[in-house]
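One structure below.
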Amino acid sequence: MLTKISQFLSHIPSLVYLWVAVLIFAASNSVTRKIIELGEHHLVNGRNPISLCNVLFVGNICAFLVMISIFYSEWKPRKLKNLTRGDWISLTIIGSLSGAIAPALIFTALDQTNVTNVVLIGRLEPPLTLALSVWLLGVRVNFWTVVSSLMTLVGVLTTAFLGSSGQAIATMGGLHLGKGELEIALAAIILSVATVISKSRLKSIPIGIFSIYRTVIGTVIFFILANALYGSHHFSDAFSPYLWAWMFLYATVIVVVGQLCWFAGLRNATSKDTTLASSFNPIAAIFMAYLILGEMPSPAQYLGGSIILAGIFLSLIGNFTYTKNKNLSSRSSLINAMEMAIGFRGI
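Taking my numbering, the leading residue of the sequence shown gets -12, the next gets one more, and so forth.
Dropping the structure here:
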């Protein structure tokens, strides 16, 4: 039976896996907000058991349990001995940045602003990653890529200052920057740094080791920080059966299935396929916010989103021109897989 299922899955085109992954990742923030809303109708001693901190903490534990059942073979002593001390240090830094600090900022922002703002301002990550890659790694970029990055930056700033939906903490010339928008921007910066570190330091590390170690470090660091900031009572409802039921479902579908579909899609996909699929993410995320939460974009979000989409279109032109006759190499597949895993995709 398992052999037949495996044979069936192996015949599914790579593009199908890529687009399924994009749709799953696009729904992550909206599903998180929806689950928290459901928790408000199942209070425990007057408290919502599905709080933002509980979702991140318990969700990471559930994701770890699912991933260890899939990637346990990569944690053999022989493979672990191949990792240097520098590899472990880099993994720890990335786990702290992209597995704890950035998700915590994004989850906090979800409580301060709407999902559409989170999606659009989160697009600050790609141009920042590009700038850091050019500066630190000597990556060469073409004209289209530079122009698209600048347009994306303009779109993000437009959304952040004109579409602020929370408490304003900064004002410039009558424009207001909300707390939630600032938290998303900080998260994008942190994720960009983590991505650049992964490009330069983690090219040869197996995906299973990377994913599991990042999850463990992120969970531990987040737990320590939350206890230090809010006290040990902050996780008093973390063992609610209702919370765990939703988190196992969320972690399995959003985190594990999403990443496995992405990795499976990368095996035989071209760079054009992966670029197009990744670029569609913000459009899909906004649609999911409307479908799941009923969020309608504001005029500022329409304006900022249109500028960002124009930047994405120019980026596609540049990428398609540059990779016209090239297929995605195995090393590129690994790097792209890690980049997709690092950038926040749910928990």
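Where a beta carbon is used, it is the ideal one built from N, C-alpha and C, also for glycine. Remember, it's a predicted structure, so these values are computed and weren't measured experimentally.
Residue 73, enclosing alpha helix (DSSP H) - first and last residue: Within the sequence shown, the letter at position 86 stands for residue 73. It spans 72 to 83 - the alpha helix (DSSP H) in which residue 73 sits, taken as one unbroken run.
Minimum C-alpha distance to residue 303 - residue among 3, 133, 103 and 70: Numbered from 1 along the sequence shown, position 316 holds the residue referred to as residue 303. Taking only the C-alpha atoms, the option nearest residue 303 is 133.
Exposure label - residue 11; buried when at least 16 CB within 10 Å: Position 24 of the sequence shown holds residue 11. Result: buried.
Where residue 331 falls: helix, strand or coil (DSSP): The sequence position of residue 331 within the sequence shown is 344, counting from 1. The predicted model places residue 331 with a pLDDT of 43, which falls under 50 and marks its position as unreliable, so this point remains unresolved.
Cβ neighbours of residue 3 in the same chain (closer than 8 Å, five flanking residues each side left out): Here residue 3 refers to the residue found at position 16 of the sequence shown. Answer for residue 3: 252, listed in chain order.
First through last residue of the alpha helix (DSSP H) which encompasses residue 104: If you number the sequence shown from 1, residue 104 lands on position 117. Residue 104 -> alpha helix (DSSP H) spans 102 to 108.
Three-state secondary structure assigned by DSSP to residue 245: Numbered from its first residue, the sequence shown carries residue 245 at position 258. In this structure, residue 245 counts as helix in the three-state DSSP scheme.
For residue 34: DSSP bridge partner residues: Position 47 of the sequence shown holds residue 34. Answer is 31, bridged to residue 34.
Run of the alpha helix (DSSP H) containing residue 206, from where it starts to where it stops: Taking the sequence shown and counting its residues from 1, the one referred to as residue 206 is at position 219. Per DSSP, residue 206 belongs to the alpha helix (DSSP H) from 194 to 217.
Inter-stretch contact at 8 Å, needing at least 3 Cβ pairs: the region 286 to 294 / the region 21 to 41: no
Check whether residue 174 and residue 93 have beta carbons under 8 Å apart: As a first step, residue 174 must be located in the sequence shown, where it is residue number 187. As a first step, residue 93 must be located in the sequence shown, where it is residue number 106. Against a cut-off of 8 Å, the Cβ pair of residue 93 and residue 174 comes out as a contact.
Cβ contact (3+ pairs, closer than 8 Å) linking the region 46 to 61 and the region 238 to 248: yes
CB of residue 78 within 8 Å of CB of residue 249, strictly: The residue you call residue 78 lines up with position 91 of the sequence shown. The residue you call residue 249 lines up with position 262 of the sequence shown. Going by C-beta atoms, residue 78 is not nearer than 8 Å to residue 249.
Own chain residues within Cβ distance below 6 Å of residue 195, not counting five before or after: Sequence index remark: in the sequence shown, residue 195 carries index 208 (1-based). Cβ neighbours of residue 195 beyond the five flanking positions: 58 and 61.
Continuous alpha helix (DSSP H) stretch holding residue 4: start and end: In the sequence shown, the residue the question calls residue 4 occupies position 17. 1 to 26 is the span of the alpha helix (DSSP H), which, as asked, contains residue 4.
Nonlocal neighbours in the same chain, by C-beta distance under 8 Å from residue 1, ignoring five residues either side: As a working note, residue 1 is residue 14 in the sequence shown. The answer, listed in chain order, is 251, 252, 253, 254, 255, 256 and 260.
Beta-carbon gap between residue 172 and residue 108 smaller than 8 Å: Start at 1 with the first residue of the sequence shown, and residue 172 comes out as number 185. Start at 1 with the first residue of the sequence shown, and residue 108 comes out as number 121. Yes, the Cβ-Cβ distance between residue 172 and residue 108 is below 8 Å.
Distance CB(residue 100)-CB(residue 167) smaller than 8 Å: Taking the first residue of the sequence shown as 1, we reach residue 100 at position 113. Taking the first residue of the sequence shown as 1, we reach residue 167 at position 180. The answer is yes: Cβ separation under 8 Å.
Element boundaries [alpha helix (DSSP H), containing residue 353]: What the structure shows of the chain is the stretch from -12 to 334, and residue 353 is not part of that stretch, so it cannot be assessed.
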